[in-house]
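One structure is given here, and the rest of the page talks about it.
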Amino acid sequence: MTPQEYVEEVLALVERIPPGKVMSYGAVADALSELSGRCSARLVGNIMARYGSAVPWHRVVSSAGRLPPGHEARARALLRAEGCPLRGDGVDMKAAAWYPDTSR
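Using the numbering used here, you'd call the opening residue of the sequence shown number 67 and step up by one each time.
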């Protein structure tokens with residue numbers, strides 16, 4: 067898989083996250099690892115920072131539920147509007163985490 071194909075796969079997966087649910091950067095990387103041979107939360111974060119504006123970027127958070135750096139207020143508002151369970155300054159990961167059906 068080329069780097070550009072990986073970018074496209076990351077963005078396609080983020081598009082599939084249902085409203086009110088989230089995935090962590092690491093979960094996105096893990097979900098694509100068998101297909102891509104890559105498994106880097108940091109790479110997913112870089113892809114989201116560079117290309118994520120066209121997808122529901124606010125649905126990708128840290129594994130602890132922290133909102134995208136520098137965009138916390140906007141992400142919180144968007145997630146709240148979707149009915150995503152929030153806890154403190156972030157997302158309640160136990161209630162909001164989503165993982166794709168791997169039989170795709």
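Beta carbons are placed, not taken as given, at the ideal position from N, Cα and C, and that holds for glycine.
(message) Let's test the definition: count the other Cβ atoms within 10 Å of the Cβ of Y165 and tell me whether it reaches 16, buried, or not, exposed.
(response) exposed
(message) Which residue marks the beginning of the alpha helix (DSSP H) containing G111, and which one marks its end?
(response) A107 to Y117
(request) Express the C-alpha separation of A120 and K87 in angstroms, rounding to a whole number. (result) Their Cα atoms are separated by approximately 18 Å.
(request) Kindly indicate which three-state DSSP category M67 falls into: helix, strand or coil? (result) coil
(request) Could you tell me whether the Cβ atoms of G111 and Y91 are closer together than 7 Å? (result) The Cβ-Cβ distance between G111 and Y91 falls below 7 Å.
(message) Whole angstroms are fine: how far does the CA of R142 sit from the CA of P151?
(response) 10 Å
(message) Can you confirm whether the stretch 69 to 80 touches the stretch 131 to 147 when touching is taken to mean that 3 or more C-beta pairs between the two stretches lie within less than 8 Å?
(response) Cβ pair count under 8 Å is below three, so no.
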